[in-house]
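For the protein sequence lines, the chains are A and B, in the order given.
Each step along the first sequence adds one to the number in the numbering used here, with nothing skipped, and position 85 is 82.
Each step along the second sequence adds one to the number in the numbering used here, with nothing skipped, and position 217 is 939.
Virtual Cβ for every residue (Gly too), placed ideally from N, Cα, C.
The structure presented is a predicted model; accordingly, all values stated were derived computationally and were not measured.
Following: one structure in structure tokens, then a few remarks.
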Amino acid sequence: RAAPSLTAEQMDMGVDWLSKYGYLPPPDPVTGQLQTKEALTKAIKAMQKFGGLEETGVLDQATLGLMKTPRCSLPDLSETEVMVGRRRR
Amino acid sequence: ALVAQNKWSKRHLSWRIRTFPKESPLLGRDTVRALMYYALKVWSDISPLNFHEVAGNDADIQIDFTKADHNDGYPFDGPGGTVAHAFFPGERFTAGDTHFDDDEAWTFRSPDSHGMDLFAVAVHEFGHAIGLAHTSAIESIMRPYYQGPVGDPLKYNLPYEDKVRVWQLYGVSDSVSHTAQPDDPSQTADPPVLLDLPENRSTVPPARDSPDRCTSHFDAVAQIRGEAFFFKGKYFWRLTREKHLVSLRPAQIHRFWRGLPTNLDSVDAVYERPGDHKIVFFKGLKYWIFKDNNVEEGYPRPISDFGLPMEGVDAAFVWLHNDKTYFFKDNHYWRYDDHLRRMDLGYPKDSTLWKGVPPQLDDAMRWSDDSSYFFKGKEYWRVVGSDMEVEAGYPRPIGKDWLVCT
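The structure is reproduced here in structure tokens:
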């Protein structure tokens, strides 16, 4: 659990969001393996930094609030960086 | 900033709205077209790119209002969440295409700030369409999150961060100062000309009957696309938004405003309609509506369409305070709602309610300093903000203050 008050639903939403906008590679489609805790923390920090939040690395309420803010569909990382992430995966 | 995406190799890009948003009384098709035009213009004003609207299926930038899964890999998710996206330039046939979620409550200058401001989102998405990625910079339209309305499309100025990124991609437009610095109001990157005025029109020598700008009592004065137009007889003078005369010599009305009768000897009043930014000309009991420089089909029509009296109008202007259109005739005035296309109840009223404004005006206009200006004879009066009273120190001379006269 990234934060004590976080529900499983919020956790899933957070991971989906981070994947959708390029901070986290999606779960492996073959093995279904999820991200490591370290990768998740790093992704959250990157998202918080990009959004102007304090880089706590946990899915706190401020972070979840920003994730619910209306936004553009395109990822925040460039296509090149997303592709690099996929290749690494 | 992230690494720049692909960019267009050509400089002239076509656009087209393929599907419009669901019906809304505040956001008609012409308004949507105008907002797209101005959102693209934000980028073309500071770069060598040019955008032109086309009708066919081959537009570089196809604009759609769609919802849910629309088969491009970026499904929309209903109100909130993702609101729009655009495809970067490149080889794919979708390059440049821009999609808005039709489940959003799109608005334009909503007074209560509800809904999603279409102009603000369109400026952001067209940034993607020309190659800009998201940025975390605080002062940028390319931040990924919706930041609320950005104000009047005619006055919007890109943050310096975004200008620099566009210049890195495409270079600087010929009309843009290379030394422009952030927060320096004297170094604006916006070219002053909004409407198409080919050089050869302004260099056509005026006829012998052309009036003297310094002694004229003007027939009509209007702010159109941020610029001031002074009409006299068959001619007009044009001032940029910085109040610089485009030319000391007047241009001929019928050569610029295509579709007015060539024998028209003068106009009574002119104003730019709020909402769709069409331009309305009054003469006698008739009026014409222009989209940019060209008259719309079906005009002239009788001014009774507005519920106006049968004697014509002296003046027409849109008050910034409430976005309503005010018509003046002799010592009366009317208030018209251009969004609802109807006259407000309780009018006409006595024009003396505008304290200090004289009767039988030549014309009136709003101006970008949030003031309204009233013109009569060789003098003009200023009304600031939402006051209905002339500011102290007026009247002042029109020629000296507006038209480079001594």
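Within the 8 Å Cβ cut-off, does Arg(-2) of chain A reach chain B? Your numbering for residue -2 of chain A matches position 1 in the first sequence. Low per-residue confidence applies at Arg(-2) of chain A: pLDDT is 45, beneath 50, and the placement is therefore not dependable enough to give any value.
Does the region 799 to 813 of chain B come close enough to the region 766 to 775 of chain B that 3 or more CB-CB pairs lie under 8 Å? no
Mind checking the region 830 to 859 of chain B against chain A and listing, in chain order, the residues whose C-beta falls within less than 9 Å of any C-beta there? Met838, Val843, His846, Glu847, His850, Ala855, His856, Thr857, Ser858
Please report the straight-line C-alpha distance between Thr1128 of chain B and Asp934 of chain B, rounded to a whole angstrom. Translated into the one-based positions of the second sequence, residue 1128 of chain B becomes position 406. Translated into the one-based positions of the second sequence, residue 934 of chain B becomes position 212. It is roughly 13 Å from the alpha-carbon of Thr1128 of chain B to the alpha-carbon of Asp934 of chain B.
For chain B, is any of its Cβ atoms less than 8 Å away from the one on Leu66 of chain A? In the first sequence, residue 66 of chain A corresponds to position 69, counting from 1. The question names Leu, yet the displayed sequence has Thr at residue 66 of chain A. It does: the Cβ of Thr66 of chain A has a partner Cβ on chain B nearer than 8 Å.
When you compare the CB of Ser16 of chain A with every CB in chain B, is at least one pair closer than 8 Å? Start at 1 with the first residue of the first sequence, and residue 16 of chain A comes out as number 19. So no, Ser16 of chain A is outside the interface.
By how many angstroms is the C-alpha of Thr66 of chain A removed from the C-alpha of Ala93 of chain A? Since the first residue shown for chain A is -2 and the last is 86, residue 93 of chain A is missing from the structure and cannot be characterised.
Taking Ile1011 of chain B as part of the beta strand (DSSP E), name the residues at either end of that continuous run. Along the second sequence, one-based indexing puts residue 1011 of chain B at 289. In the DSSP assignment, Ile1011 of chain B falls within the unbroken beta strand (DSSP E) covering 1008 to 1013.
Alpha-carbon to alpha-carbon, His836 of chain B and Val81 of chain A: Reading the first sequence from its first residue, position 84 is the one you call residue 81 of chain A. Reading the second sequence from its first residue, position 114 is the one you call residue 836 of chain B. Note that Val81 of chain A has pLDDT 41, beneath the 50 cutoff, so the model's placement of it is unreliable and the number below is only indicative. Note on geometry: alpha-carbon atoms of Val81 of chain A and His836 of chain B lie some 40 Å from one another.
For the candidate residues B:Ala973, B:Thr937, B:Ser932, whose alpha-carbon lies nearest to that of Phe951 of chain B? Counted from its first residue, the second sequence places residue 951 of chain B at position 229. Among B:Ala973, B:Thr937, B:Ser932, the Cα nearest to that of Phe951 of chain B belongs to B:Ala973.
Using a C-beta to C-beta distance shorter than 9 Å, which residues of chain A count as neighbours of His792 of chain B? Reading the second sequence from its first residue, position 70 is the one you call residue 792 of chain B. Chain A residues near His792 of chain B: none, gap ~11 Å exceeds 9 Å.
is_contact[Asp807 of chain B, chain A] using C-beta, thresh 8 Å: Here residue 807 of chain B is taken as the residue at index 85 of the second sequence, counted from 1. As written in the sequence, residue 807 of chain B is His, which differs from the Asp given in the question. True, the Cβ-Cβ gap to chain A drops below 8 Å.
Endpoints, beta strand (DSSP E) assigned at Glu775 of chain B: Residue 775 of chain B sits at position 53 when you count from the first residue of the second sequence. Membership of Glu775 of chain B in the beta strand (DSSP E) is indicated by the continuous run 772 to 775.
For Arg1064 of chain B, which residues of its own chain have a beta-carbon under 6 Å away from its beta-carbon, when the five flanking residues on both sides are left out? As a working note, residue 1064 of chain B is residue 342 in the second sequence. Counting only Cβ-Cβ distances below 6 Å, and skipping sequence neighbours, we find nothing.
Given that a residue counts as buried once 16 or more other Cβ atoms are within 10 Å of its Cβ, and exposed if not, what is Asn793 of chain B? Here residue 793 of chain B corresponds to residue number 71 of the second sequence, with the count starting at 1. When all chains shown are included, Asn793 of chain B counts as exposed.
So what does Ser746 of chain B bridge to, in DSSP terms? In the second sequence, the residue the question calls residue 746 of chain B occupies position 24. The partner list for Ser746 of chain B (beta bridge, DSSP) is empty, contrary to what the question assumes.
State buried or exposed for Gln890 of chain B, treating a residue as buried only when at least 16 other CB atoms are found within 10 Å of its CB. For the purposes of this step, residue 890 of chain B is taken as the residue at position 168 of the second sequence. It is exposed - the Cβ of Gln890 of chain B has fewer than 16 other Cβ atoms within 10 Å.
How many Å lie between Phe978 of chain B and Arg995 of chain B at the Cα? Position 256 of the second sequence, counting from 1, holds the residue named residue 978 of chain B. Position 273 of the second sequence, counting from 1, holds the residue named residue 995 of chain B. Cα-Cα distance, rounded: 19 Å.
So Thr820 of chain B is in the beta strand (DSSP E); what residue range does that whole segment cover? Here residue 820 of chain B corresponds to residue number 98 of the second sequence, with the count starting at 1. Segment 820 to 823, the beta strand (DSSP E) holding Thr820 of chain B.
Mapping DSSP to helix, strand and coil, what is Leu961 of chain B? Your numbering for residue 961 of chain B matches position 239 in the second sequence. Correct three-state label for Leu961 of chain B: strand.
Alpha carbon to alpha carbon, how far is Pro22 of chain A from Phe773 of chain B? Give it in angstroms, no decimals. Taking the first residue of the second sequence as 1, we reach residue 773 of chain B at position 51. Taking the first residue of the first sequence as 1, we reach residue 22 of chain A at position 25. If you take the alpha carbons of Phe773 of chain B and Pro22 of chain A, they lie about 37 Å apart.
Short of 7 Å in beta carbon distance, which residues of its chain neighbour Val1108 of chain B, apart from the five on each side in sequence? Order them along the chain. For this step, residue 1108 of chain B is matched to residue 386 along the second sequence. The amino acid at residue 1108 of chain B is misidentified as Val; the sequence shows Ser. Closer than 7 Å at the Cβ level, and outside the excluded window around Ser1108 of chain B, lie His1043.
So Glu1101 of chain B packs on Arg1088 of chain B, CB below 8 Å; how close in whole Å? Taking the second sequence and counting its residues from 1, the one referred to as residue 1101 of chain B is at position 379. Taking the second sequence and counting its residues from 1, the one referred to as residue 1088 of chain B is at position 366. At roughly 18 Å, the Cβ-Cβ gap does not stay under 8 Å, so Glu1101 of chain B and Arg1088 of chain B are not in contact.
Min CB distance Tyr868 of chain B to chain A below 8 Å: Along the second sequence, one-based indexing puts residue 868 of chain B at 146. For Tyr868 of chain B, the answer is yes, since a Cβ of chain A falls inside 8 Å of its Cβ.
Is the separation between the beta-carbon of Asp819 of chain B and that of Ile783 of chain B shorter than 8 Å? If you number the second sequence from 1, residue 819 of chain B lands on position 97. If you number the second sequence from 1, residue 783 of chain B lands on position 61. Taking 8 Å as the Cβ cut-off, Asp819 of chain B and Ile783 of chain B qualify as a contacting pair.
Between Glu1018 of chain B and Trp828 of chain B, what straight-line distance do the alpha-carbon atoms span, to the nearest angstrom? Residue numbering aside, residue 1018 of chain B sits at position 296 when the second sequence is read from its first letter. Residue numbering aside, residue 828 of chain B sits at position 106 when the second sequence is read from its first letter. Near 27 Å, if we compare the C-alpha coordinates of Trp828 of chain B and Glu1018 of chain B.
Give a yes or no on whether the minimum CB-CB distance between Pro904 of chain B and chain A is below 8 Å. Counted from its first residue, the second sequence places residue 904 of chain B at position 182. With a pLDDT of only 32 at Pro904 of chain B, under the threshold of 50, the placement of this residue in the model should not be trusted; the figure read from the coordinates follows. No, no contact with chain A.
Can you check whether the C-beta of Leu71 of chain A is within less than 8 Å of a C-beta belonging to chain B? What you label residue 71 of chain A is simply residue 74 of the first sequence in a count that begins at 1. Judged by the 8 Å Cβ criterion, Leu71 of chain A is in contact with chain B.
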